[in-house]
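Numbering (the numbering used here), first residue to last: 348 to 954.
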């Protein structure tokens with residue numbers, strides 16, 4: 348397949364495109380009611396279910412924005428080979444791509460601009476134009492219908508599914524527009540106007556809420572969650588910062604697998620109103636949205652118990668009584684792809700614990716990171732061998748109450764006053780120099796991740812799962828969580844690594860490790876921030892990444908990252924919604940790749 352840098356060009360139309368809370372480990376008593384002083388924002392009124400409404404004229408701005416992101420994705424993932432077989436043409440208003448796949452179909456024209464972040468081009472306008480008659484499709488449904496007609500008949504249902512995702516994303520955008528101002532105002536009333544002062548683990552879900560309003564760097568409909576209506580989102584999604592109480596089930600002890608220790612406040616069946624089962628059963632927390640779907644052998648408990656707040660992942664909730672404890676619970680939904688279900692497979696619990704132990708073993712050998720890299724404790728979990736009957740108990744390490752625990756995913760979010768969180772944090776800790784802040788966290792992150800690579804490990808630590816811990820008077824630290832899904836080169840990893848349940852974890856060569864390093868650490872943790880900045884600042888950040896990788900990576904990784912002509916790029920929509928696994932060939936829908944331009948490669952770089 349030709350790369351998009353080798354697009355055939357019509358000579359008569361060619362034009363150059365210029366790339367223009369308690370944290371000491373104690374387990375306080377479980378509260379029965381919300382504390383009005385620290386309780387979360389009330390949910391937005393759920394009287395009207397906007398997700399059930401068709402896209403109409405009121406949705407047009409949101410639909411155009413979704414369409415723009417969808418067209419970007421079509422180009423980036425080379426859907427239907429449209430990008431790699433396109434011709435670059437010039438019109439008076441700027442560059443267009445002539446999409447000619449399949450050959451027997453009529454050509455479509457797409458206005459583009461030069462980009463460079465994971466794809467050479469991005470959509471300049473949200474539209475497709477039919478070459479034959481000049482008719483324009485300017486709505487997402489119309490564009491996807493046109494693409495569906497170009498697809499192999501056995502793949503067309505995937506385009507229907509994606510169209511539904513897009514309708515959900517438009518509806519959620521409306522929810523965000525209506526609820527966002529009041530949610531941010533309530534957060535400011537509770538925590539203050541400046542997010543850099545939202546310190547301690549107790550404030551961490553509020554920072555997650557700010558991050559939840561951002562778009563995903565590569566998935567165009569990330570706010571769509573299949574199977575959940577507007578009322579469910581308002582009551583349980585992180586964007587709305589609404590508290591709720593968990594539901595519970597009890598399961599016979601012999602049907603359960605328990606690893607580690609449960610918190611001291613964990614209720615027994617007697618506390619849930621089932622004293623006769625206290626000796627024979629254990630209590631299992633259940634997300635309210637999952638409660639009515641529980642399989643046998645679970646016995647549903649009618650009494651709700653434990654006040655929680657949603658975190659950025661939605662299926663993980665934070666205890667309002669002890670914010671150092673989070674619970675990862677199955678949700679009956681999918682996000683970032685219809686095949687990307689948000690249940691909790693028992694094997695993923697095993698792998699998360701194994702991943703943490705592997706990282707701890709590296710820290711034992713690398714003392715320079717011991718005070719700079721923190722690991723959440725994910726050794727405790729409970730499951731009944733079913734993806735809806737499981738929980739992981741995450742315990743955060745002690746963090747000073749005055750420390751800012753900032754998920755990297757929130758750096759580009761807007762605070763209550765509209766300012767970037769990045770700028771507020773830079774003002775507090777670096778005298779307003781946001782490059783100094785970016786340098787501080789990226790230097791540590793790249794040093795740690797390249798060190799892991801030398802041990803034969805690549806960690807899937809995207810910005811949602813890495814937090815920057817900032818305390819006055821001490822160097823920045825990084826806190827890592829959710830360590831399932833790494834790639835480990837068993838041929839050269841010198842540490843014990845045989846505890847993983849997922850056979851895809853282990854490989855015997857470095858290609859899969861480099862793919863994870865590039866698509867997560869480089870693209871999402873570094874590149875997404877750099878390309879959100881003005882061009883001059885962007886180049887400064889990219890130079891920082893180049894220099895840090897050159898200084899810390901081994902020769903193989905330097906070659907793969909800095910000298911390669913193209914870099915791996917996640918094809919999440921293709922693998923997650925458009926195609927079945929049989930059609931895409933994806934062994935892991937979160938690790939299915941195409942390639943894009945290497946924005947880190949200097950002109951003098953060699954292979």
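Think of the CB as a built atom: it goes at the ideal place given N, C-alpha and C, for glycine as much as any other residue.
Quick check on this structure: which residue in the options has the alpha carbon closest to the alpha carbon of residue i?
i: residue 411; options: 567, 452, 619 and 750; result: 567
i: residue 920; options: 912, 940 and 901; result: 940
i: residue 501; options: 556, 930, 946 and 949; result: 930
i: residue 797; options: 907, 662 and 492; result: 907
i: residue 872; options: 806, 533 and 539; result: 806
i: residue 684; options: 655, 675, 513 and 801; result: 513
i: residue 713; options: 754, 801 and 664; result: 801
i: residue 764; options: 507, 409 and 532; result: 532
i: residue 585; options: 657, 601, 573 and 571; result: 657
i: residue 760; options: 821, 783 and 879; result: 879
i: residue 654; options: 625, 645, 662 and 667; result: 667
i: residue 611; options: 622, 630, 596 and 604; result: 630
i: residue 551; options: 747, 430, 443 and 601; result: 747
i: residue 910; options: 946, 927, 773 and 895; result: 946
i: residue 814; options: 732, 719, 425 and 842; result: 719
i: residue 665; options: 556, 758 and 784; result: 556
i: residue 944; options: 524, 476, 466 and 541; result: 466
i: residue 900; options: 790, 808, 817 and 638; result: 790
Rounded to whole angstroms, what is the Cα-Cα separation between residue i and residue j?
i: residue 530; j: residue 593; result: 22 Å
i: residue 461; j: residue 468; result: 5 Å
i: residue 324; j: residue 576; result: Because residue 324 is not part of the residues shown, which for the chain are 348 to 954, the question remains open.
i: residue 377; j: residue 673; result: Because the pLDDT at residue 377 is just 29, under 50, the model does not fix this residue reliably, and the point stays unresolved.
i: residue 893; j: residue 643; result: 53 Å
i: residue 617; j: residue 598; result: 13 Å
i: residue 938; j: residue 863; result: 8 Å
i: residue 635; j: residue 446; result: 46 Å
i: residue 766; j: residue 650; result: 42 Å
i: residue 966; j: residue 660; result: The requested residue 966 does not occur in the structure, where the chain is confined to residues 348 to 954.
i: residue 942; j: residue 827; result: 28 Å
i: residue 627; j: residue 648; result: 15 Å
i: residue 544; j: residue 554; result: 11 Å
i: residue 788; j: residue 860; result: 22 Å
i: residue 580; j: residue 481; result: 40 Å
i: residue 917; j: residue 870; result: 10 Å
i: residue 564; j: residue 875; result: 7 Å
i: residue 696; j: residue 704; result: 13 Å
i: residue 686; j: residue 503; result: 16 Å
i: residue 662; j: residue 738; result: 10 Å
i: residue 442; j: residue 752; result: 44 Å
i: residue 933; j: residue 430; result: 20 Å
i: residue 742; j: residue 949; result: 43 Å
i: residue 421; j: residue 641; result: 38 Å
i: residue 842; j: residue 799; result: 11 Å
i: residue 518; j: residue 406; result: 8 Å
i: residue 745; j: residue 606; result: 22 Å
i: residue 436; j: residue 825; result: 46 Å
Just to check my reading of the structure: residue i and residue j have Cβ atoms closer than 8 Å, yes? What is that Cβ distance to the nearest angstrom?
i: residue 868; j: residue 915; result: That belief does not hold up - the Cβ atoms of residue 868 and residue 915 are roughly 12 Å apart, past 8 Å.
i: residue 413; j: residue 487; result: 5 Å
i: residue 702; j: residue 831; result: 6 Å
i: residue 423; j: residue 470; result: Not really, about 10 Å apart at Cβ, beyond 8 Å.
i: residue 589; j: residue 521; result: At roughly 18 Å, the Cβ-Cβ gap does not stay under 8 Å, so residue 589 and residue 521 are not in contact.
i: residue 509; j: residue 925; result: 6 Å
i: residue 905; j: residue 897; result: 6 Å
i: residue 516; j: residue 570; result: 5 Å
By Cβ distance, which residues of its chain are closer than 7 Å to residue i, with the 5 residues on each side in sequence left out?
i: residue 839; result: 803
i: residue 716; result: 710 and 795
i: residue 472; result: 458
i: residue 734; result: 677, 690, 691 and 692
i: residue 498; result: 427 and 506
i: residue 834; result: 805, 852, 854, 859, 860 and 863
i: residue 810; result: 754, 755, 756, 871 and 872
i: residue 786; result: 891
If you drop the 5 nearest sequence neighbours on each side, which residues of the same chain put their C-beta closer than 6 Å to that of residue i?
i: residue 474; result: 483 and 485
i: residue 614; result: 630 and 652
With a cut-off of 8 Å, does the C-beta of residue i fall near any C-beta of chain C?
i: residue 485; result: Protein chains in the displayed structure number just one, and chain C is not present.
Residues in the same chain with beta-carbon distance under 8 Å from residue i, minus the five sequence neighbours each way, listed in chain order, please.
i: residue 856; result: 836 and 838
i: residue 609; result: 727, 729 and 740
i: residue 887; result: 782
Within the stretch 410-489, ranges of the beta strand (DSSP E) (whole runs, at least 3 residues):
434-438, 441-446, 455-461, 468-470 and 475-477
To test your reading of the DSSP string, which unbroken beta strand (DSSP E) runs of 3 or more residues are found completely within the stretch 609-675?
628-633, 646-648, 654-657, 663-666 and 672-675
Could you give the uninterrupted runs of the beta strand (DSSP E) lying entirely in the stretch 908-944, keeping only those of 3 residues or more?
913-917 and 940-944
Residue ranges of each beta strand (DSSP E) run of no fewer than 3 residues wholly in the stretch 759-819, ordered along the chain?
813-817
At which residue ranges does the stretch 845-871 contain complete alpha helix (DSSP H) runs of 4 or more residues, listed in the order of the chain?
858-863
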